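Right, one structure below, let's go through it.
Numbering (the UniProt record's numbering), first residue to last: 1 to 52.
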């Protein structure tokens with residue numbers, strides 16, 4: 001495995017999906033790679049949390 005460069009779906013910035021993150025995803029059984037950068041993931045999570 002090696003680091004992967006991915007373009008964020010929301011902000012179109014490039015981010016790195018590290019080997020460590022890939023191993024974590026595999027360990028948790030996640031089948032899809034992330035489509036959002038960490039900042040956009042955090043913002044989206046906060047947005048969902050604030051709607052409650």
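All residues carry an ideal CB built from backbone N, CA and C; glycine is no exception. Note that the structure is predicted; figures quoted are calculated from it, not measured.
Pairwise C-beta distances place the segment 14-34 out of contact with the segment 45-52, as fewer than three of them are shorter than 8 Å. Per the DSSP secondary-structure output, residue 4 pairs in a beta bridge with 17.
The straight-line gap separating the alpha-carbon atoms of residue 19 and residue 11 is approximately 23 Å. Here the C-alpha atom of residue 34 lies approximately 15 Å from the C-alpha atom of residue 2. Inter-residue distance for residue 5 and residue 17 is about 6 Å (C-alpha atoms, whole angstroms).
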